[in-house]
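Participant: Could you have a look at this structure, given as structure tokens, before my questions?
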Ligand code: FAD
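Residue numbers (the UniProt record's numbering): 39 to 154.
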């Protein structure tokens, strides 16, 4: 029988991963406990070690060592992650995303109702 499900290539992995990461940030608490904030910082540091695209992981490690996770609130985390994604977008010569729209994109749906 023919297999159809294949390993993710770099772009499929990237799209799925950004979807997960931005969704997680948009559902992070408004007022996290100290331990939730500390754990989210740890999450990104561990994520950056094990992301399964080596050149991506190495650049991401360097980026977050200069720009450490901001985990004091949902809005702060979502903006920080949007900026990290924009850094990757710039490297790949992709357009910059407007970070004021990050919760519309990943949590609430567009204000024009197109996701309802
Ligand atoms: P993606 O960049 O995957 O974005 C998916 C969707 O997210 C977009 O359609 C848009 O709606 C939304 N979006 C775009 N920008 C933002 C933003 N700033 N904030 C919130 N939402 C946004 N690929 C490489 O070739 N080299 C690398 O070094 C590399 N490093 C990566 C590092 C990480 C941590 C991750 C998760 C991925 C990396 N990738 C890398 C993959 C790359 O970022 C893209 O995922 C891939 O090129 C597919 O791009 P795409 O155009 O489908 O959109």
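All C-beta atoms in this analysis are idealised placements derived from N, C-alpha and C, irrespective of residue type, glycine included.
1) Where in the segment 103 to 143 do unbroken runs of the beta strand (DSSP E), each at least 3 residues long, occur, reported from the N-terminal end onward?
2) Does the distance from the CB of residue 71 to the CB of residue 107 come in under 8 Å?
3) On a Cα-Cα basis, can you pick out the residue from 90, 112 and 48 that is closest to residue 68?
4) Just how far apart, CA to CA, sit residue 93 and residue 142?
5) Between the C-alpha atoms of residue 114 and residue 58, what's the straight-line distance to the nearest angstrom?
Facilitator: Walking through what the data contain:
1) Runs found: none.
2) Contact: no.
3) For the options 90, 112 and 48, the alpha carbon positioned closest to that of residue 68 is the one of 112.
4) 30 Å
5) 17 Å
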